[in-house]
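Undergrad: Have a look at the structure that comes next, please.
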Amino acid sequence: MKNLKRYRLFFILILGYGVLYFINESLFNMSTQKTSSSLLEMILVLPPVFILLGLLDVWVKRETMVKMMGKDSGIMGILLAFFLGSAAAGPLYAAFPVALTLLKKGSSFRNVLILIGAWSTTKIPLLIFEASSMGLNFTLIRFGLNIFGILGIALISEIVLGHKELEEIHARSLSIEN
Amino acid sequence: MDSTIYIITALALGVSFYKSKDKTILALKKAWKSFENILPQFLSILLIIGFVLSILNANQISELIGQESGWKGVLIASIIGSITLIPGFIAFPLASALLNNGAGYMQIGAFISTLMMVGIVTVPLEIKFFGKKAAILRNSLAFVFSLFVAFMLGVFLK
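Top to bottom, those sequences are chains A and B. For the numbering used here, count along the first sequence from 1 and bump the result up by 2. For the numbering used here, count along the second sequence from 1 and bump the result up by 5.
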């Protein structure tokens, strides 16, 4: 029952398409044709993407990396933050709880911002998907710029926020229930 | 492109299976679960895209966010991208459909980039976790950076 409820919007839309058939048949034909062509396009791409997502989820352990991203982790911590964010799954707001956990365990805020940046925009399965729907050039230009952008945002934030604010962020993270 | 993904996936699956059969099966189960998770949203969005693209003709789309729309189009696209919460698996097909129907690369780049990096709807959550100053700072920097990415995409892709 709960499962069917998730499909409610889908069923309403199917119903809408049914109504459309009687009101305006040519618009119905055009819409179904456009829908099925994008459906076909997606069905060719999605299965491998999700299998990769599953493999990453199983093989990449979060806890082991949490330890290695502290203040003095230097370039290693930055790389790990990038990797952890890129290997993750889920929307950006799913990154916030993970970021909080990292803060609590002593990761630097800079690395947390890098993780959030990577999580939002350089996820590996999503990059493959992006390349297949937007083209390789679009994806590579965006990816290249994003690496610098993510680093830049993290470094600028760290400087602008300053020592005092950063300590407050760490202190606050400890007081929030996860 | 399609065949590359299949080759990468087959290799990854092979290595994984060689290392641990159980983990591979678990991975496949997780893969199916996360696919089924977005399936209702995914099907719905496809139906909506199909309909919207049938009413809006290419002229109207390109007028709003086409190449000629310039910075006005970029601004419209980036505001829409900052406000909406659309998963990437749905955003990319949408973006590619818009591109095929007259949208410009710069405008689509602004939409995609803000969609992923800027989250106005989730700012309250971010404030709760990191404080007001850090949350607003991160989102503002990401917004400005997205405009830059859009500009570069516009320069490099015709």
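Idealized CB from N, CA, C, for every residue including glycine.
In angstroms, rounded to a whole number, what distance separates the CA positions of residue 57 of chain B and residue 26 of chain A?
TA: For residue 57 of chain B and residue 26 of chain A, the distance between alpha carbons rounds to 14 Å.
Undergrad: Could you check the C-alpha separation between residue 2 of chain A and residue 11 of chain A for me, to the nearest Å?
TA: Beyond the ends of chain A as shown, which are 3 and 180, falls residue 2 of chain A; an answer cannot be given.
Undergrad: Since I believe residue 79 of chain A is in contact with residue 113 of chain A (beta carbons under 8 Å), could you give me their beta-carbon distance rounded to a whole number of angstroms?
TA: About 5 Å separates the two Cβ atoms, so the contact holds.
Undergrad: Counting only beta-carbon separations shorter than 8 Å, does residue 44 of chain A have a partner in chain B?
TA: By this cut-off, residue 44 of chain A is an interface position.
Undergrad: First and last residue of the alpha helix (DSSP H) that includes residue 44 of chain A?
TA: Unbroken alpha helix (DSSP H) run through residue 44 of chain A: 27 to 61.
Undergrad: Beta-carbon of residue 40 of chain B versus every beta-carbon of chain A: anything under 8 Å?
TA: At least one chain A Cβ lies under 8 Å of residue 40 of chain B.
Undergrad: By how many angstroms is the C-alpha of residue 38 of chain A removed from the C-alpha of residue 52 of chain B?
TA: Using only the alpha carbons, I get a separation of about 9 Å.
Undergrad: Report all residues from its chain with a CB closer than 6 Å to the CB of residue 47 of chain A; omit the five preceding and five following residues, and keep chain order.
TA: 134.
Undergrad: Could you tell me whether the Cβ atoms of residue 123 of chain B and residue 93 of chain B are closer together than 8 Å?
TA: Cβ atoms of residue 123 of chain B and residue 93 of chain B: not closer than 8 Å.
Undergrad: Residues of chain A with a CB under 7 Å from the CB of residue 11 of chain B: which are they?
TA: In chain order: 50.
Undergrad: Give the residues of chain A in contact with residue 98 of chain B, contact being defined as C-beta atoms less than 8 Å apart.
TA: Under the 8 Å cutoff, chain A gives 40, 43, 44, 135.
Undergrad: Distance check for residue 54 of chain B and residue 35 of chain A, CA to CA, integer angstroms please.
TA: Distance between the alpha carbons of residue 35 of chain A and residue 54 of chain B: 11 Å.
Undergrad: For residue 216 of chain A and chain B, any beta-carbon pair shorter than 8 Å?
TA: Here chain A has residues from 3 to 180 only, and residue 216 of chain A is not among them.
Undergrad: Out of B:115, B:60, B:14, B:96, which one is the CA nearest neighbour of residue 1 of chain B?
TA: Absent from the structure is residue 1 of chain B, since the part of chain B shown begins at 6 and ends at 163.
Undergrad: Can you find a CB in chain A that lies within less than 8 Å of the CB of residue 26 of chain B?
TA: No - not a single Cβ of chain A is within 8 Å of the one on residue 26 of chain B.
Undergrad: If you drop the 5 nearest sequence neighbours on each side, which residues of the same chain put their C-beta closer than 6 Å to that of residue 82 of chain B?
TA: Hits under 6 Å: 70, 112, 115, 116.
Undergrad: Starting from the beta carbon of residue 8 of chain A, find every residue of chain B whose beta carbon is closer than 7 Å, and list them in chain order.
TA: Residues of chain B passing the Cβ test: 45.
Undergrad: If distances are taken between C-alpha atoms only, which option among A:136, A:143, A:154, A:140 comes closest to residue 147 of chain B?
TA: When each option's Cα is compared against that of residue 147 of chain B, the closest is A:154.
Undergrad: Going by DSSP, name the residue or residues bridged to residue 109 of chain A.
TA: In the DSSP output, where bridge partners are listed per residue, residue 109 of chain A has A:72.
Undergrad: In angstroms, rounded to a whole number, what distance separates the CA positions of residue 6 of chain B and residue 166 of chain A?
TA: For residue 6 of chain B, the pLDDT reaches just 47, beneath the cut-off of 50, and the residue's location in the model is therefore unreliable, although a value from the coordinates is still provided. Cα-Cα distance, rounded: 49 Å.
Undergrad: Chain B beta carbons: is any one of them nearer than 8 Å to that of residue 72 of chain A?
TA: No, its Cβ sits nowhere closer than 8 Å to a Cβ of chain B.
Undergrad: Whose CA, out of A:87, A:144, A:139, A:145, lies closest to the CA of residue 119 of chain A?
TA: Checked all of A:87, A:144, A:139, A:145; the closest Cα to residue 119 of chain A is A:87.
Undergrad: Using the three-state DSSP reduction, which class does residue 6 of chain B fall into: helix, strand or coil?
TA: Summary for residue 6 of chain B: the model assigns pLDDT 47, below 50, so the residue's position carries little reliability; its value from the coordinates is reported in the next sentence. In the structure shown, residue 6 of chain B sits in coil (DSSP, three-state: anything other than H, G, I, E or B).
Undergrad: Quick check on residue 114 of chain B: does DSSP put it in helix, strand or coil?
TA: Looking at residue 114 of chain B - three-state DSSP - the assignment turns out to be helix.
Undergrad: Anything in chain B within Cβ reach of residue 89 of chain A, meaning under 7 Å, just list it in chain order.
TA: Within 7 Å Cβ-Cβ: nothing; residue 89 of chain A doesn't reach chain B, min ~12 Å.
Undergrad: Return helix, strand or coil for residue 25 of chain B, following the three-state DSSP convention.
TA: Residue 25 of chain B falls in the coil class under three-state DSSP.
Undergrad: Roughly how many angstroms separate the alpha carbons of residue 139 of chain A and residue 162 of chain B, rounded to a whole number?
TA: The straight-line gap from Cα to Cα measures roughly 8 Å.
Undergrad: Starting from residue 109 of chain B, trace the alpha helix (DSSP H) in both directions and tell me its first and last residue.
TA: Per DSSP, residue 109 of chain B belongs to no alpha helix (DSSP H) and is neither H nor E.
Undergrad: For residue 53 of chain B, return the contacting residues in chain A, with the cut-off set at a CB-CB distance below 8 Å.
TA: Chain A residues near residue 53 of chain B: 15.
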